[in-house]
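S.K.: The structure is given below, and queries will be raised subsequently.
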Amino acid sequence: DAGVIQSPRHEVTEMGQEVTLRCKPISGHDYLFWYRQTMMRGLELLIYFNNNVPIDDSGMPEDRFSAKMPNASFSTLKIQPSEPRDSAVYFCASSQTGTGIYNEQFFGPGTRLTVL
Amino acid sequence: TQLLEQSPQFLSIQEGENLTVYCNSSSVFSSLQWYRQEPGEGPVLLVTVVTGGEVKKLKRLTFQFGDARKDSSLHITAAQPGDTGLYLCAGRGRPGGYQKVTFGTGTKLQVIP
Numbered sequence: 116d117a118g119v120i121q122s123p124r125h126e127v128t129e130m131g132q133e134v135t136l137r138c139k140p141i142s143g144h145d146y147l148f149w150y151r152q153t154m155m156r157g158l159e160l161l162i163y164f165n166n167n168v169p170i171d172d173s174g175m176p177e178d179r180f181s182a183k184m185p186n187a188s189f190s191t192l193k194i195q196p197s198e199p200r201d202s203a204v205y206f207c208a209s210s211q212t213g214t215g216i217y218n219e220q221f222f223g224p225g226t227r228l229t230v231l
Numbered sequence: 698t699q700l701l702e703q704s705p706q707f708l709s710i711q712e713g714e715n716l717t718v719y720c721n722s723s724s725v726f727s728s729l730q731w732y733r734q735e736p737g738e739g740p741v742l743l744v745t746v747v748t749g750g751e752v753k754k755l756k757r758l759t760f761q762f763g764d765a766r767k768d769s770s771l772h773i774t775a776a777q778p779g780d781t782g783l784y785l786c787a788g789r790g791r792p793g794g795y796q797k798v799t800f801g802t803g804t805k806l807q808v809i810p
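So the sequences go chain by chain: A and B.
Each residue of the first sequence is one higher than the one before, starting from 116 at the first, in this note's numbering.
Each residue of the second sequence is one higher than the one before, starting from 698 at the first, in this note's numbering.
As structure tokens, this is what we get:
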């Protein structure tokens, strides 16, 4: 089975442009997470979904960020307008209910975003 | 907000040396996980510990959960270049919050051949 798939792997854009990051979770997983990783702040949870419904978006930095999950196999993270401080590696991860406290999150390879 | 501080932040050692990485918090966690992340990839789970004082071994890696479930350590014996990577601890808070974890600040390990 394929792992978590993210696209694009690299994105370079100019300040003010809209950026859309995409994620396909592992089939059968009912939780999906979006993280941002930087040297300064480490790995931060932005938002997570359960059965396509957003559960906790308290980590979303500001209104410029939005995330959707229209179905069980696809999610997007959008930044509009983008700013240089949004430059980071964005990870998508998925997990499956049923393993309790042993639950494992499976991460995608990440999207490296550079905003000039 | 539950914070997980890792130390050291960076570690560069020679192949064959031993090392210990620490993960500390003032909060109690229901479980603690360790992930390893290699350059250009996402983190991959190594182990989960759930009981205070629990020790788990994975080949040359030994993981321990503190008695009070506020801290954890990762010990690597005879480090090899393949151990190079970013090590992240991740804690789960209240038992009902199984799916959401808080990641530590990370320890970047370089093992020189």
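Built from N, CA and C at the ideal position, the CB exists for glycine as well.
At a Cβ threshold of 9 Å, is B:P705 touching chain A?
M.R.: No, its Cβ sits nowhere closer than 9 Å to a Cβ of chain A.
S.K.: Using a Cβ-Cβ distance cut-off of 9 Å, determine whether A:A187 contacts chain B.
M.R.: Taking Cβ atoms only, chain B never reaches closer than 9 Å to A:A187, which makes this a no.
S.K.: Just how far apart, CA to CA, sit B:F760 and A:A203?
M.R.: Approximately 30 Å, taken between the alpha carbons.
S.K.: Let me see if you follow: with CB-CB separation under 9 Å, is B:S727 close to chain A or not?
M.R.: Interface residue, yes.
S.K.: What span of residues does the beta strand (DSSP E) with A:P169 cover, start to end?
M.R.: Segment V168 to D171, the beta strand (DSSP E) holding A:P169.
S.K.: In whole angstroms, what is the alpha-carbon distance linking A:E133 and A:Y150?
M.R.: So the two alpha carbons sit approximately 19 Å from each other.
S.K.: Quick check on A:D208: buried or exposed, where buried means 16 or more other Cβ atoms within 10 Å of its Cβ?
M.R.: The residue asked about is misnamed: residue 208 of chain A is Ala in this sequence, not Asp. Classification for A:A208: buried.
S.K.: Give the range of the beta strand (DSSP E) segment to which A:E159 is assigned.
M.R.: Note, A:E159: beta strand (DSSP E), G157 to N165.
S.K.: Spatial neighbours of B:R767 within its chain, please: CB distance less than 8 Å, with the 5 preceding and 5 following residues excluded, ordered by chain position.
M.R.: It should be pointed out that residue 767 of chain B corresponds to Lys in this sequence rather than to Arg. N721, S722, S723, S724, V725 and F726, listed in sequence order.
S.K.: Among A:V230, A:Q220 and A:R227, which residue has its Cα nearest to the Cα of A:V119?
M.R.: That would be A:Q220, whose Cα lies nearest to the Cα of A:V119.
S.K.: Three Cβ pairs or more, each shorter than 8 Å: is that satisfied between the stretch 772–787 of chain B and the stretch 711–719 of chain B?
M.R.: Touching, yes, given that three or more Cβ pairs across the two stretches are closer than 8 Å.
S.K.: Express the C-alpha separation of A:D172 and B:F762 in angstroms, rounding to a whole number.
M.R.: If I take the Cα positions, the gap works out to 30 Å.
S.K.: What did DSSP end up calling A:I141 once you bin it into helix, strand or coil?
M.R.: Three-state result, A:I141: coil.
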